[in-house]
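Okay, so here's the structure we're looking at.
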Amino acid sequence: MKPDVCKPCPLYDAPYVPPEGNEDADVFGIGEAPGEQEVKEERPFYGRSGKVLRNLLSHYGFKNPYLTNTIKCRPPENRAPTAEEIRCCWHFLSEELKRFPTIPIIALGRFALRALHPHLQIKKTHGTKAQSVQGYPFYIMYHPAAGLHNPNLRRVIEQDWERCFGSIGGSPKRNVPPLPPALAIDTETTSKNPHEAEVLAIGRYGDTHGVEIVFHNAKYDLTVLKQPSPTILYDTMYMAYHAGEDELSLEGLCGRRLGIPTPSTKELIGLWGSMGEVPQKLLQSHVLHHAQNTYKLWENLWTEPSSHTRAIRLDMDLLPILVDMEKRGVATDQRVFQELSEKMEEQTATLQATTPEVNFRSPPQLSKFLFETLGLPPGRECSKAGYYSTDDDELVRLKGLHPFIDILLEYRGGHKLLSTYITPFLGVEVVRPSFAVLTVTGRLNCSRPNLQNQPPSIRRAYRARGNKVLLAADLNQLELRVLAMLSLDPAMLRLYRSNGDLHTHTESKLKMVRKLAKTFNFASVYGSTDSGLSRETGVPLSVVKSIRKEWNTTYSGAHSWSEETKKFAREEGYVETVLGRRRYLAESQSRSKKHQYNGDTKAVNTPVQGTGAEHVKLMMLELRDLPMVIQVHDELVFECERSEIRGIMDRVNQASDRANEILWGDSLIPFTSKFEVGKNWGEMVEIA
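Its first residue numbered 1, the sequence shown is counted upward by one per residue in the UniProt record's numbering.
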C-alpha cells in the first residue's frame, strides 16, 4: 500500500520499485524511473544499463552504492516522467538525500538533473560538479542507457567518469611529462575574420620568459598578431579535441573541466554594442581573464595522455604553416568566373523556360507538378511541410520515368555550380580558405571556400599571380601504399617495390577495365558493400561477389589485416594511426548490425586515411619555407617561378622520403609523387 502522499500522483496505480542500498553506502546514484526489468526484479538499475553503471561504480572504487530513481513508479509504455510526477516524488528523494549528507551524489540523466537543478542542461554540464537548488553538491552524468542508445556517447561517458572520479578508484596512474614553463596569450579584435580584424587588446599569463606559447584557437591569434610563430606552441582547442571533448569553446571547456566561469566575448559585446566600444580598461581585464583561463585549461589538459601523442604534436606544429597558406591565399581569374557565371545563368534560364508553369526552385510547386500533374509515384513525405520530397535522392529514384526529371537534375547541377562555386567569388581577387585538422581521421579540412571539393570546370578560375605558375605534387596511390605497409601484403609490396601500379595490376589479374579495377581497390579502403559496389558500377551483384572473393585472394595480406582490424575495434572500441591518433568506435561494439557495419568501415578506413594524412602533414613540415597555397589530401600545390620548379620537385621527393622514414623506419616501398604545372589549376600538364 502506497502512502497517502502518493495519492495525487498520476502514477499512483503504477508499479513501484524501491531504492537499493543501506546506511553504509559510499555513493548515491539517482536515475530516471523504473523500466520493465526493474519492475520484474523490484530493483533499480537492473538490466543492461544497470550493469554498465555498476561496472563504472566498481571501477572507480565505489563498493556499496545506494541507488534510487527520480520517480519510484514506472510510467506507462516506458514514457518519460512528467514535471508533475517529478514534483510528486520529490518528497521521497528529498528524504533519501538527507540520510547521506557526506557521500558523492550522482545525477544520472536529464530527469535526475531536472529534479536537483531544473535550470541546468545536461548537454552543457555533463561531467561536472554542481550545487542543487536544495544545497546538495552533486555530479552530473549522462544516464548509462544513453550510451547504449547512442554509441557515440560511450566515449563521452567514460571521460566524464574519469574526470570526476579518476583520482578515487581503479583508474591507472597517468604517466605524463612535467609541465614546461609557458606563456598563455589571448587577443580581442574587431572581427571574427582574422584577415580583416584589428587587435584591440592582448592578454598574457604565465612565464613571460618561456619559449612555449599557449593559445586557444592558435590559428586565429597567430594570424591577427602578425608576428613570427613561436618555436613550440600549444592549442588548448586541439588538445581538447584530441581528448574527446565535443564542446570546444574556451567558456564551455573551462566550465566543464575546471568549474570556473569564463565571461564570453559575446556577452561583453552585448553590453556595449561592438568590441570597439568596450572601454579599454574593461577590455584588458577581459582578455587577461581569458589568458589566465587558457593557461589553467592547458594545465588541466596536460594530464591527458592524448596531449602527448606524436599525432597531436604534428597537428599543432602544422598550425603556423596553415596560417601562412591562408595569408598567401589563392589568386582568382575574374574573367573566367564572369564567363562561367554568364554561361550557367544562360543554361539555367534556358532549362527553366522549358517548363514555365512551375518554379524549379520551389519544392511545393515541384511536388505538385511531379506527383499530381505528371502523376509520378511519390516517395518520402516532408512531414512538417506537408508535401512529398523533391530532393535529389527522390529525383534519382524517378529518373527514366519522365524526360522532365533529366531537365530538373541538369538545372539543379547548374544552379549549384552557380550559387556555391561561382557567384560568391565574383569580384574576389584572392581567396583565403580556412584549413583545419579537427577531423576524426586527421585529414585537413578546408572551408570558405572548400578548395578540396572544386569541380574540374571551376579549377581553371584559380591561377598563379604575375609570371608565376602553379606546381602540383600528387602523391601516387598514397592510401593504397599505406594499406600495403599496414598489412604487409606480399603482392602489394612486390608491386610497389618495382614501381608498379596497383590499378594496372588489378586490371590485369582480375581481367577488368581500369576504372573498375580502381573502384575495387579503393573499396578495400573505404569499405563499400557488395550491393553498393553493384549499384555504383552497374555490375550484377553475383559478379561483384565473385570479383570481391578473387580480390581478397589476390591481396590476402590486405584482406587479413582488414579483418583483424575490425576484430580489434570490436574488442577494444578504437583504432589508431601510425602516429597514435586514436578514433573511438562505439559502433563497432554495438549489437546493431547497421551500427557495427559502420564501425567496421571506419575501423579499416581510419588507419589508412589517417596515416596517409600524417605522411602529407610531415611533408608540409619539411616544406614549410616553400610557397604552398593549396592542400587536397594527397596533393600539394605551390605557386612559384618557373626557375624554381626543379628545386621544389626535388624538395618534395626528399620530404616524402623523410616522412616515409619517420612513419615506417626502414620502409619497404617508396612513396612517389607525380607533378603537373600550369598557369591555372584546371589546365595543367604533367612534368617528369
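In this text, a Cβ means the ideal position worked out from N, Cα and C, and glycines have one as well.
Scanning its chain for C-beta atoms nearer than 6 angstroms, with the 5 sequence neighbours on each side dropped, one finds around H559 the residues N552, in chain order. The beta carbon of V575 is closer than 8 angstroms to those of T565, F568, A569, R582, R583, L585, K602, A603, T606, P607 in its chain, skipping five residues each way along the sequence.
In the structure shown, G612 falls within a helical segment according to DSSP collapsed to helix, strand and coil.
Counting only runs of 3+ residues, the beta strand (DSSP E) found wholly inside the stretch 269-352 occupies 330-332, in chain order. Shown here, Q454 sits in coil according to DSSP, grouped into three states, outside any helix or strand.
Beyond the five residues adjoining it in sequence on each side, V211 comes within less than 8 angstroms, by CB distance, of P230, T231, I232 in the same chain, given in chain order. E410 and P320 have their C-alpha atoms some 42 angstroms from each other. For T565, there is no enclosing beta strand (DSSP E); the residue is part of the alpha helix (DSSP H) that begins and ends at 556-572. The shortest C-alpha to C-alpha distance from Y597 to any of V578, E346, Y526 is the one to Y526. By the C-beta density criterion, K7 is exposed, having fewer than 16 other C-beta atoms within 10 angstroms. If you check the CB distance, F92 and A25 do not come in under 8 angstroms. Taking the C-beta atoms as reference points, L502 is found no nearer than 8 angstroms to Q631.
In the three-state reduction of the DSSP assignment, K384 falls in the coil class, being assigned neither a helical nor a strand state. Per DSSP, the unbroken beta strand (DSSP E) holding D186 starts and ends at 182-189. Runs of the alpha helix (DSSP H) lying entirely within the stretch 577-647, each at least 4 residues long, are 593-622 in chain order. In the DSSP annotation of this structure, E686 is not part of any alpha helix (DSSP H); the continuous beta strand (DSSP E) holding it starts and ends at 683-687. In this structure, S58 is the residue among M344, L322, S58, K549 with its C-alpha nearest to the C-alpha of G29.
In the DSSP annotation of this structure, L376 is not part of any beta strand (DSSP E), being labelled neither H nor E. In this structure, T420 is the residue among E641, T420, D4 with its C-alpha nearest to the C-alpha of L451. Where T125 is concerned, there is no enclosing beta strand (DSSP E), although the alpha helix (DSSP H) around it starts and stops at 122-125. Shown here for A385: same chain residues with a beta carbon closer than 8 angstroms to its own, the five before and five after excluded, namely P363, P364 in chain order. Counted as a single uninterrupted DSSP element, the stretch harbouring V156 is not any beta strand (DSSP E) but the alpha helix (DSSP H) occupying residues 153-165.
Nearest to D221 by alpha-carbon distance, out of R155, A201, I71, is A201. Distance between C640 and A331, taken at the CA atoms: about 13 angstroms. The DSSP-derived three-state label of F215 is strand. Cβ neighbours of P627 within its own chain (closer than 7 angstroms, five residues either side excluded): R328, F638, E639, C640. Across the structure, R646 and S592 are spaced so that their CA atoms are roughly 54 angstroms apart.
Between the C-alpha atoms of S498 and N300 there is a straight-line separation of about 50 angstroms. Below 8 angstroms, too few C-beta pairs join the stretch 262-272 and the stretch 345-353 to call them touching: fewer than three. In this chain, the alpha helix (DSSP H) harbouring I86 covers 83-99. Under DSSP, N445 takes part in a beta bridge, and its partners are A436. Beta-bridge pairing by DSSP links G206 to L183. Straight across, the Cα-Cα distance linking V431 with H633 is about 19 angstroms.
Non-local C-beta neighbours of A107 in its own chain, meaning closer than 6 angstroms and more than five positions away in sequence, comprise I30, L113, L116, F138, I140, ordered along the chain.
Going by DSSP, P65 is part of the beta strand (DSSP E) stretching over 65-69. Ranked by Cα distance from A655, the options P263, K617, N64 are led by K617.
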